[in-house]
Amino acid sequence: MVISVDPEWWKTLFDEVYLLTDARSVCDAAVTGKEVDLVLALIPLLPHHRLLDLCGGHGRHVLELCSRGLEHCVLVDYSRVLVRRAKMESLSRRLPLSCLVADARRTGLLSRSFDRILIMGNSLGYLRDSEADLEILRECHRLLRSEGRLLVDLADGESVKKRFNPEAWHEIGEDILVCRRREMHERSVSVRELVVSKRKGLIRDRSYSIRFYEKKSAEKLLAGAGFEQIEITTDFSPHVEAGDHGFMDCRMIVVGRKP
Ligand SMILES: C[S@@+](CC[C@H](N)C(=O)[O-])C[C@H]1O[C@@H](n2cnc3c(N)ncnc32)[C@H](O)[C@@H]1O
15 MVISVDPEWW KTLFDEVYLL TDARSVCDAA VTGKEVDLVL ALIPLLPHHR
65 LLDLCGGHGR HVLELCSRGL EHCVLVDYSR VLVRRAKMES LSRRLPLSCL
115 VADARRTGLL SRSFDRILIM GNSLGYLRDS EADLEILREC HRLLRSEGRL
165 LVDLADGESV KKRFNPEAWH EIGEDILVCR RREMHERSVS VRELVVSKRK
215 GLIRDRSYSI RFYEKKSAEK LLAGAGFEQI EITTDFSPHV EAGDHGFMDC
265 RMIVVGRKP
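The numbering used here puts the sequence shown at residues 15 to 273.
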């Protein structure tokens, strides 16, 4: 059966239930710590650098970077629920973080106001129109100062295809069961996700679709947005335990510089 996907799925999927279904990747401090270690190994980040975490979700990377001494950090995400979580966390930990709910294609922020931009956790490829990812990267180019760096953390499409698993399920704690059925297309994967609470019954039945990049297409995307000195690191996974972590197991980190 073909999985039918609402093209606007990305506007509403990222909420409290997402923080449960993806907890093994996005609510694990050790996983986030490893990802931040890799970011720091790939691009120099100094305390005075102005950093934007674009599509930053509930702020796990930017909050970790604030706690490691970054002084000028901004988080942008479309999800009001996740941005609110990030703001609350920054206030309770007294970390200096500005938060904004906006579409990454048009943030409304000032041109050339950042030294570094991160797009972490496989946050591209959601909009059906393939031009949309280019629009997001053009916005990054506009927001960066000359010689600023962009780092994009994506699922590696080649590995996703090789390791494709049409069905997967995992449990979260005593109560939650997450079941996923997947369909592979030429450049994307559609997923139907059922989330069941053993106590309350079905709490989510949603579908989504993600377009994938391989090394060549990722390089072309950054170059098309005006970036140069593009470098790609593959085979990164922050997970140690075995299991199907969706698309978060085989990652490709792409770094580019604004001329
Ligand atoms: C898989 S989550 C990753 C979040 C975060 N980077 C992390 O690694 O925890 C993808 C995020 O991208 C955000 N997002 C996707 N498309 C967006 C857009 N066009 N504008 C703003 N945020 C977007 C979603 O709201 C979601 O929070």
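From the three backbone atoms N, C-alpha and C, an ideal C-beta is built for every residue, glycine too.
query, result
"Any non-hydrogen atom of ligand 1 within 8 Å of residue 135 CB", "yes"
"Where residue 15 falls: helix, strand or coil (DSSP)", "coil"
"Residue 40 beta carbon near ligand 1 (any heavy atom closer than 8 Å)", "yes"
"Neighbour-count burial assignment, residue 178, 16 or more Cβ in a 10 Å radius", "exposed"
"CB contact flag (residue 299, residue 156, <9 Å)", "The shown model of the chain, from 15 to 273, leaves out residue 299, and the question about it has no answer."
"Secondary structure of residue 262, DSSP reduced to three states", "coil"
"Residue 60, enclosing alpha helix (DSSP H) - first and last residue", "Run containing residue 60: none; DSSP gives neither H nor E here."
"Residues bridged to residue 111 (per DSSP)", "87"
"Residue range of the unbroken alpha helix (DSSP H) whose run includes residue 237", "229–238"
"heavy atom of ligand 1 below 8 Å from residue 28 C-beta", "yes"
"Residue 123 versus residue 92: straight-line alpha-carbon distance, rounded", "14 Å"
"Own chain, CB closer than 6 Å to residue 113, minus 5 neighbours either side, in chain order", "89, 97, 100, 101"
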